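Structure first, commentary second.
There are 2 protein chains.
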Amino acid sequence: MKYSLRTPARLVLAAGLALACAQSAPSVQDPLPSWNDTGPKKAIIAFVEKVTKEGSPDFVPVPERIATFDNDGTLWAEKPVPFQLLFAVEQVKQLAPQHPEWKTKEPFASLLKGDLARVAATGEKGLMEIVTATHAGMTTDEFSRSVQEWIASAKHPKTGRLLTATVYQPMLELLAYLRAKGFKTFIVSGGGVEFMRPWTERVYGIPPEQVVGSAGKLKLETRDGKPVLVKLPAIDFIDDKEGKPIGIQSRIGRRPIAAFGNSDGDLQMLQWAMAGEGARFALFVHHDDSQREYSYDRADRLQQFDKGWDEAIAQGWTVVSMKDDWNTVFPTADR
Amino acid sequence: MKYSLRTPARLVLAAGLALACAQSAPSVQDPLPSWNDTGPKKAIIAFVEKVTKEGSPDFVPVPERIATFDNDGTLWAEKPVPFQLLFAVEQVKQLAPQHPEWKTKEPFASLLKGDLARVAATGEKGLMEIVTATHAGMTTDEFSRSVQEWIASAKHPKTGRLLTATVYQPMLELLAYLRAKGFKTFIVSGGGVEFMRPWTERVYGIPPEQVVGSAGKLKLETRDGKPVLVKLPAIDFIDDKEGKPIGIQSRIGRRPIAAFGNSDGDLQMLQWAMAGEGARFALFVHHDDSQREYSYDRADRLQQFDKGWDEAIAQGWTVVSMKDDWNTVFPTADR
Chain A
20 MKYSLRTPAR
30 LVLAAGLALA
40 CAQSAPSVQD
50 PLPSWNDTGP
60 KKAIIAFVEK
70 VTKEGSPDFV
80 PVPERIATFD
90 NDGTLWAEKP
100 VPFQLLFAVE
110 QVKQLAPQHP
120 EWKTKEPFAS
130 LLKGDLARVA
140 ATGEKGLMEI
150 VTATHAGMTT
160 DEFSRSVQEW
170 IASAKHPKTG
180 RLLTATVYQP
190 MLELLAYLRA
200 KGFKTFIVSG
210 GGVEFMRPWT
220 ERVYGIPPEQ
230 VVGSAGKLKL
240 ETRDGKPVLV
250 KLPAIDFIDD
260 KEGKPIGIQS
270 RIGRRPIAAF
280 GNSDGDLQML
290 QWAMAGEGAR
300 FALFVHHDDS
310 QREYSYDRAD
320 RLQQFDKGWD
330 EAIAQGWTVV
340 SMKDDWNTVF
350 PTADR
Chain B
20 MKYSLRTPAR
30 LVLAAGLALA
40 CAQSAPSVQD
50 PLPSWNDTGP
60 KKAIIAFVEK
70 VTKEGSPDFV
80 PVPERIATFD
90 NDGTLWAEKP
100 VPFQLLFAVE
110 QVKQLAPQHP
120 EWKTKEPFAS
130 LLKGDLARVA
140 ATGEKGLMEI
150 VTATHAGMTT
160 DEFSRSVQEW
170 IASAKHPKTG
180 RLLTATVYQP
190 MLELLAYLRA
200 KGFKTFIVSG
210 GGVEFMRPWT
220 ERVYGIPPEQ
230 VVGSAGKLKL
240 ETRDGKPVLV
250 KLPAIDFIDD
260 KEGKPIGIQS
270 RIGRRPIAAF
280 GNSDGDLQML
290 QWAMAGEGAR
300 FALFVHHDDS
310 QREYSYDRAD
320 RLQQFDKGWD
330 EAIAQGWTVV
340 SMKDDWNTVF
350 PTADR
């Protein structure tokens, strides 16, 4: 700005601008209040400061500040079963009368018997089979509406809170902190992309175009004179384990400089992020808080945290103890 | 802001802020100087103003301002053959000694004989076959580097200018104008996504994560102790015709409110954009300028503009006459 003013107007203007700037500067506040002042919080802030400080040898330009987050177990809870399975149960029950063969065909049979643990054990692939089978023939718009309607009132079977309130408050703060520092935040999840997109913008501030996930095949048709995309009963892409780097490359096309997960399904994503040049950051959330959430790791059949943990120890990656490093787990208000 | 100042300091502060704001307001300048003041320019500006004006019945919130652009023939030239084919020719020639079978196998045989028109006639699929075959076994990083090296000096066979200088100046202005108005601009092209991403950010200001295109399958491997993504000789996705709405849904997950193309391969994308609710905009670039560029439409074997033109006329979509509506076609400086 090039204009000169006589004092005291000049001083007042400067003061006014300084005040306006101070109001939007978050640096004086703690960006991560739900994180205790332990190792993980310090490691996050040290990483963010060095990659965002102009002139630092580790400086990363804004467009390359890509951060990827797993969803189930990393941004929101995944116990007793991944929440998409709860959605699928509703859908299968509704459609079961039209599909007598499901009574003997897995994973539908277990699901109809209420044995969700067994269904969940079929993994992302089994889950996607159920989702694609139950939604074959629906348009993407119809599916999106059915997710939106369901999630508006779906509650956690143990806490009775809305599922969208079982997101992790420390991770919401982390997402906001990274975005304030010029990062673009992405979800890279084994969950269905069409299941997540209807609510991730509202709940996490992550828009649909920054959500990567497993997907079924689609077909363009004309219905009532309008083009629609119809969901086919076939899997197109499984965004889990070795699928995560592939999902990142095919959908984002740029290697993240920071990656966040909680189980062995995220290991390849973290390895992919860490194998790039320059400063990198990898973090696992360790579920060790049976009081406030759940406790599970090496022995868990569904969301095992075993090889990932070993690798994190060997490589010196950050591992968050939910019990020790987070002073708050869930947001107080519903979302 | 809540603070009170005594005049004249208050007035001076107000004047200072107004001056600061005026400096960043582009509205006094013509945002589209390379467009003549004809119908298409007026239609673009009328659309943008109504969807961005708060309180307007057609107002669209910023996150939903998604605009998708075809690349070949819409953002840069595609004659005499799509430029990715020129890249593929180089690659095939280099690798031909290791592939004696290519001498009799199409589309390699035609390519090696220099019959590029025949190769181009195999369409996006034929092109992707060549690309995936020549690059099988390469890592995505190696491929990206080979594209970057090639495009740094690759020249147009007719004009002798850098290929990256055969982008359309009016479309560069349109991209910048839309972004200044809160739009997120995406490429949705039949071309290979890995061929475009290495240079779209520099040339168009469109980052890799906003580029959707055709793609080959990938495989995660470990080489020299590091994870790499290896290109497989198999097509994963063809982002052309009915593939464009599928690419938009699977990669962006939000329906564009404006779509831009130049041939029948873009028709489904434009129909998909227009079938949404609220204000919408669809535009075809008509190549009718044999003096400054090329002239081709209904009779063209490779990039036909026939059904799309009929639909544009029937629906009242905007059709740009390159000859009459653009006062400049290419940028004066190289990019």
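Protein chains in written order, with the numbering used here: chain A, 20 to 354; chain B, 20 to 354. Glycine is no exception: its CB is placed at the ideal position from the N, C-alpha and C atoms. Given the structure is predicted, the values throughout are model-derived calculations rather than measurements.
Starting from the beta carbon of residue i, find every residue of chain B whose beta carbon is closer than 8 Å, and list them in chain order.
| i | result |
| --- | --- |
| A/GLN268 | THR159, LEU237 and LEU248 |
| A/ALA234 | SER269 |
| A/TRP227 | Looking at the sequence shown, residue 227 of chain A is not Trp but Pro. Those within 8 Å of A/PRO227 in chain B are ILE271, GLY272 and ARG273. |
| A/GLN287 | LEU239 and PRO246 |
How would you label residue i, buried or exposed, when you count the other beta carbons within 10 angstroms and need 16 or more for buried?
| i | result |
| --- | --- |
| B/PHE78 | exposed |
| B/GLU109 | exposed |
| A/ALA107 | buried |
| B/GLY244 | exposed |
| B/ASN90 | buried |
| B/THR87 | buried |
| A/ALA331 | buried |
| A/GLU120 | exposed |
| B/ASP56 | exposed |
| B/THR204 | buried |
| B/LYS263 | buried |
| A/SER75 | exposed |
| A/SER53 | buried |
| A/THR183 | buried |
| A/GLN113 | exposed |
| A/SER309 | exposed |
| A/LYS98 | buried |
| A/ARG216 | buried |
Mapping the DSSP letters down to three states, classify residue i as helix, strand or coil.
| i | result |
| --- | --- |
| A/VAL108 | helix |
| B/ARG306 | Contrary to the premise, residue 306 of chain B reads as His rather than Arg in this sequence. The answer is coil: DSSP assigns B/HIS306 none of H, G, I, E or B. |
| B/TRP121 | helix |
| A/SER340 | strand |
| B/PRO126 | coil |
| A/ILE276 | coil |
| A/LYS263 | helix |
| B/GLU97 | coil |
| A/GLY58 | helix |
| B/THR246 | What sits at residue 246 of chain B in the sequence shown is Pro, not Thr. DSSP places B/PRO246 in strand when its eight states are reduced to three. |
| A/SER208 | strand |
| A/LEU51 | coil |
| B/GLU240 | strand |
| B/VAL70 | helix |
| A/LEU251 | strand |
If residue i and residue j are in contact, beta carbons under 8 Å, what's the gap, nearest whole angstrom?
| i | j | result |
| --- | --- | --- |
| A/VAL249 | A/THR158 | 6 Å |
| B/VAL100 | B/LEU135 | 5 Å |
| B/THR71 | B/ASN281 | About 25 Å separates the two Cβ atoms, so there is no contact after all. |
| A/MET288 | A/VAL207 | 6 Å |
| B/ILE85 | A/LEU239 | Not confirmed; about 18 Å, so no contact. |
| A/ASP258 | A/GLY209 | 6 Å |
| A/PRO227 | B/ARG273 | 5 Å |
Among the options, whose alpha-carbon lies nearest the alpha-carbon of residue i?
| i | options | result |
| --- | --- | --- |
| A/ARG137 | A/GLU296, A/ASP319, A/PHE324 and A/THR351 | A/ASP319 |
| A/ALA277 | A/LEU302, A/LEU286, A/LYS260 and A/VAL100 | A/LEU302 |
| B/ALA199 | B/GLN167, B/LEU51 and B/ARG354 | B/LEU51 |
| A/GLU213 | A/ALA298, A/GLY295 and A/VAL166 | A/VAL166 |
| B/LEU181 | B/VAL222, B/ILE149 and B/VAL207 | B/VAL222 |
| B/LYS342 | B/THR123, B/ILE149, B/LYS69 and B/TYR313 | B/TYR313 |
| A/PHE349 | A/PRO227, A/GLY133 and A/GLU192 | A/GLU192 |
| A/VAL247 | A/GLU161, A/VAL150, A/VAL81 and A/ALA294 | A/GLU161 |
| B/TRP336 | B/GLN322, B/TRP54, B/GLN290 and B/TRP345 | B/GLN290 |
| B/LYS19 | B/ARG270, B/LEU286 and B/ILE254 | Here chain B comprises residues numbered 20 to 354, so residue 19 of chain B is not present and cannot be evaluated. |
| A/HIS118 | A/MET147, A/SER163 and A/HIS154 | A/HIS154 |
| B/ARG299 | B/ALA65, B/GLN48, B/SER340 and B/GLY145 | B/ALA65 |
| B/ARG164 | B/TRP218, B/ALA152, B/THR151 and B/LYS122 | B/TRP218 |
| B/LYS236 | A/LYS122, A/ASP329, A/PHE256 and A/ALA333 | A/PHE256 |
Less than 6 Å separating the Cβ of residue i from some heavy atom of the ligand FMN?
| i | result |
| --- | --- |
| A/ARG354 | As presented, the structure is devoid of all ligands, the ligand FMN included, so that no description of it is given. |
Below 7 Å on C-beta distance, what does residue i contact in chain A?
| i | result |
| --- | --- |
| B/PRO264 | LEU239, PRO246 and LEU248 |
| B/GLN290 | PRO246 |
In chain A, which residues lie with their C-beta within 9 Å of the C-beta of residue i?
| i | result |
| --- | --- |
| B/GLU220 | PRO82 |
| B/GLN322 | Under the 9 Å cutoff, chain A gives no residues; its nearest Cβ is about 21 Å from B/GLN322. |
Who are the neighbours of residue i on chain B, taking C-beta pairs under 9 Å?
| i | result |
| --- | --- |
| A/ARG216 | GLY272 and ARG273 |
| A/GLN110 | Result: empty, since nearest Cβ-Cβ is about 20 Å, beyond 9 Å. |
Since residue i meets chain B, which of its residues come closer than 7 Å, beta carbon to beta carbon?
| i | result |
| --- | --- |
| A/GLU261 | LEU239 |
Mind pulling the chain A residues with CB within less than 8 Å of residue i?
| i | result |
| --- | --- |
| B/VAL230 | GLY272 |
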